[in-house]
Amino acid sequence: MNRFLLPLLMFLPTFLLLIYYLSGGATKLGGNEFLVLAVLIVLGTIANFSIRSNNTIFTFLNKQDEDLSKNPENNQLAATIWRAFNDKKERTKTQLNIPSFIEVFMSEYHIDNKTSIVKRMKLIHTFASISILVGVLGTFTGLVITLAALNPSDIDKSILKVLGGVHTAFFTSIGGILFSIAINLHSKVRNSEQLLLQVMLKVENFIHQKDQKTSDYYVVEAIGGVKEAVHNMGNAFLEVAHFSKEFKIATDNLKQFNNNFQQNTMAVSGLFKDMMAITELFNQKTALIHDDFERMFTYFNNQHNLNNEIKMSFENTAHDIKSFVANQNNVIDGFMKNNYNLHNSYKSLVDSSQQEIQQAYKEMANFFEVTTSQISQIVTQNESQVDMHKQLTESIYKQIKKEQAGLLKQLKETNTENGEVKDLFKDAVTSMGNYMSIQESSNQSLETSLNALSNNIKNTNDLIGKLDQSFSKGAKETPEAFNSLESTLNDLMKSLETFSEKMNEKQYSVNLSK
Numbered sequence: 001m002n003r004f005l006l007p008l009l010m011f012l013p014t015f016l017l018l019i020y021y022l023s024g025g026a027t028k029l030g031g032n033e034f035l036v037l038a039v040l041i042v043l044g045t046i047a048n049f050s051i052r053s054n055n056t057i058f059t060f061l062n063k064q065d066e067d068l069s070k071n072p073e074n075n076q077l078a079a080t081i082w083r084a085f086n087d088k089k090e091r092t093k094t095q096l097n098i099p100s101f102i103e104v105f106m107s108e109y110h111i112d113n114k115t116s117i118v119k120r121m122k123l124i125h126t127f128a129s130i131s132i133l134v135g136v137l138g139t140f141t142g143l144v145i146t147l148a149a150l151n152p153s154d155i156d157k158s159i160l161k162v163l164g165g166v167h168t169a170f171f172t173s174i175g176g177i178l179f180s181i182a183i184n185l186h187s188k189v190r191n192s193e194q195l196l197l198q199v200m201l202k203v204e205n206f207i208h209q210k211d212q213k214t215s216d217y218y219v220v221e222a223i224g225g226v227k228e229a230v231h232n233m234g235n236a237f238l239e240v241a242h243f244s245k246e247f248k249i250a251t252d253n254l255k256q257f258n259n260n261f262q263q264n265t266m267a268v269s270g271l272f273k274d275m276m277a278i279t280e281l282f283n284q285k286t287a288l289i290h291d292d293f294e295r296m297f298t299y300f301n302n303q304h305n306l307n308n309e310i311k312m313s314f315e316n317t318a319h320d321i322k323s324f325v326a327n328q329n330n331v332i333d334g335f336m337k338n339n340y341n342l343h344n345s346y347k348s349l350v351d352s353s354q355q356e357i358q359q360a361y362k363e364m365a366n367f368f369e370v371t372t373s374q375i376s377q378i379v380t381q382n383e384s385q386v387d388m389h390k391q392l393t394e395s396i397y398k399q400i401k402k403e404q405a406g407l408l409k410q411l412k413e414t415n416t417e418n419g420e421v422k423d424l425f426k427d428a429v430t431s432m433g434n435y436m437s438i439q440e441s442s443n444q445s446l447e448t449s450l451n452a453l454s455n456n457i458k459n460t461n462d463l464i465g466k467l468d469q470s471f472s473k474g475a476k477e478t479p480e481a482f483n484s485l486e487s488t489l490n491d492l493m494k495s496l497e498t499f500s501e502k503m504n505e506k507q508y509s510v511n512l513s514k
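Following full-length UniProt numbering, the numbering of the sequence shown begins with 1 at its first residue and continues without gaps.
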């Protein structure tokens, strides 16, 4: 039977019932429906195992039956039983009962060392009964559900549960009976038990013939052995007579051989005397060769010691070179780390200086905006000094723009010089001499820029002083505006002084780094 067809047929009722439930045959899947499906799955598994096992046993026995019918001498099962029969017969030294031996052997025989024929047949019959019991178990389960669902006070609502229990009872009983019928029917159609009896009878007949044939063969073989022994005995007497003649001839030949051997022994004695002289000469030559080899080995030992000393010298030299290279690498690494730290320090110095310059520029811009606003207010309040303030404001604005332009130019130059310094730092590993000269020129340029910035700050302070003097004249009429402007100027002066001090500190640190 097809490998996949049998499971499909066994589980087909379960699939059909599940499709029936899902398509609307039942209002919903409840405990009763799941119980029916579970019982059918268990029955399908039992039936599939039983039918497949029976089919395997029947196929094996049918093949053995055909082989025994055609040529029992080439049948593997019969040969195995015959060997086991002979082994046991030789061990026990008794006449065995052939049917009993075959029954015992087949009760312990396994197909491919896996499936026991007799035990599997008994298990198939047991599964046929178990299928009915599983169906009966489902029946009683359905009846229990039915009895539990009865409610005398509300008989109308409990009728559905009662019907569900009855449904479970009938379906499981029907399934158990049908699967049991399928197992029994397959066992009868492919009757493995009957086929096993046929195989056992044919094997019994084969062994009986072999055993009878063996007894007759032993008698005939014994008679043939006696006949051959008598024939060999006659040949032995003839051989003894022939041996006597040949022995006399051999005795004469042996006597002649003894005479010849005596002559040869005398010749060999003279030969041994010559060999003794040759051996003595050989010993002398060997002693000379031994002395030569001893001197050669002494030379080799001296040469080996010299090679060891050279090897040790090379190893010490290599170790010293390795230590020197390691020290040089450490020095270079320290030098690179110092350069890298110097580069980072200088970079952080330039970046902080640039940030502080930008911050000061922003503060100055804010101050100039506030100052311009206050000047505009003062001009509005003092109409009599409009022209003078306007000219003064324009001059201050122009001066501020000029100073801003100069400051921006200095900042750009400083940024450009910083970029050049960064590039020079990258080339410091290959040319330290050029790096130091360029570093010195960059520091001088930065010092010049800082000096120019200090001069610009001084000029700005002078302009602010002049502006303060100019405003002091108009402050007599507007004391509140003057006080506000004076406080603003004081704040600006303090910020500029703070910035100037920071620039001086930066300049001092740059000079120290040289």
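Glycine included, every Cβ here is placed at the ideal spot set by N, Cα and C.
Here Q64 is actually not in contact with N71; their C-beta atoms are around 12 Å apart, not less than 8 Å.
Put simply, the backbone Cα of D87 is about 28 Å away from that of R120.
Counting the other Cβ atoms within 10 Å of the Cβ of S131 gives 16 or more, which makes it buried. Here DSSP, grouped into helix, strand and coil, assigns T115 to strand.
Taking C-beta separations shorter than 7 Å and ignoring five residues to either side along the sequence, K93 has no partners in its chain. Within a 10 Å sphere around the beta-carbon of V36 sit 16 or more other beta-carbons, which makes this residue buried.
In this structure, the straight-line span from the alpha carbon of M266 to that of F257 is close to 14 Å. Here F179 has L43, A47, S131 as same chain residues with Cβ atoms under 6 Å from its own Cβ, once five neighbours each way along the sequence are excluded.
Rounded to whole angstroms, the separation of the alpha carbons of N366 and S373 is 11 Å. By the C-beta criterion, the stretch 187 to 198 is judged to be in contact with the stretch 48 to 58, since at least 3 inter-stretch pairs fall below 8 Å. Excluding sequence positions up to five before and after K210, its CB lies within less than 8 Å of the CB of W82, all in the same chain and listed in chain order. Listed as beta-bridge partners of H110 by DSSP are S116.
C-alpha of N235 to C-alpha of E73: approximately 40 Å in a straight line. Taking 7 Å as the cut-off, the beta carbon of T139 is found closer than this to the beta carbon of T172. Between F60 and I124, the gap from beta carbon to beta carbon reaches 7 Å or more.
Non-local C-beta neighbours of I174 in its own chain, meaning closer than 8 Å and more than five positions away in sequence, comprise G135, ordered along the chain. A direct Cα-to-Cα measurement between H319 and I310 gives close to 14 Å. Inter-residue distance for E204 and I102 is about 7 Å (C-alpha atoms, whole angstroms). Assignment of T448 by DSSP, reduced to helix, strand and coil, places it in the helix class.
Look at T416 here: in three-state DSSP terms it is helix. In this structure, DSSP gives Q95 a state outside helix and strand, which the three-state scheme calls coil. With a beta-carbon spacing of about 32 Å, A148 and I183 fall beyond the 8 Å limit used to define contacts. Each residue's CA atom was taken as its position, placing K245 and E239 some 10 Å apart. If you draw a straight line from the Cα of Q95 to the Cα of Y109, it is about 22 Å long.
Distances from the alpha-carbon of L17 to those of M106, H167, N62 put H167 closest.
N71 sits in coil when the DSSP states are folded into three classes, being neither helix nor strand. Taking a contact as a CB-CB distance under 8 Å, the pair I117 and M106 counts as one, their CB atoms being some 7 Å apart. Between A169 and L143 the beta-carbon gap is near 6 Å, inside 8 Å, which marks them as a contact. DSSP, read as helix, strand or coil, puts N191 in coil. Spanning the alpha carbons of Q355 and E363 requires a straight line of approximately 12 Å. Restricting attention to M10, D67, S50, the CA atom closest to the CA of I41 is found in M10. T141 and L185 have their alpha carbons spaced roughly 28 Å apart. For the 7 Å CB-CB criterion, A78 and F206 form a contact.
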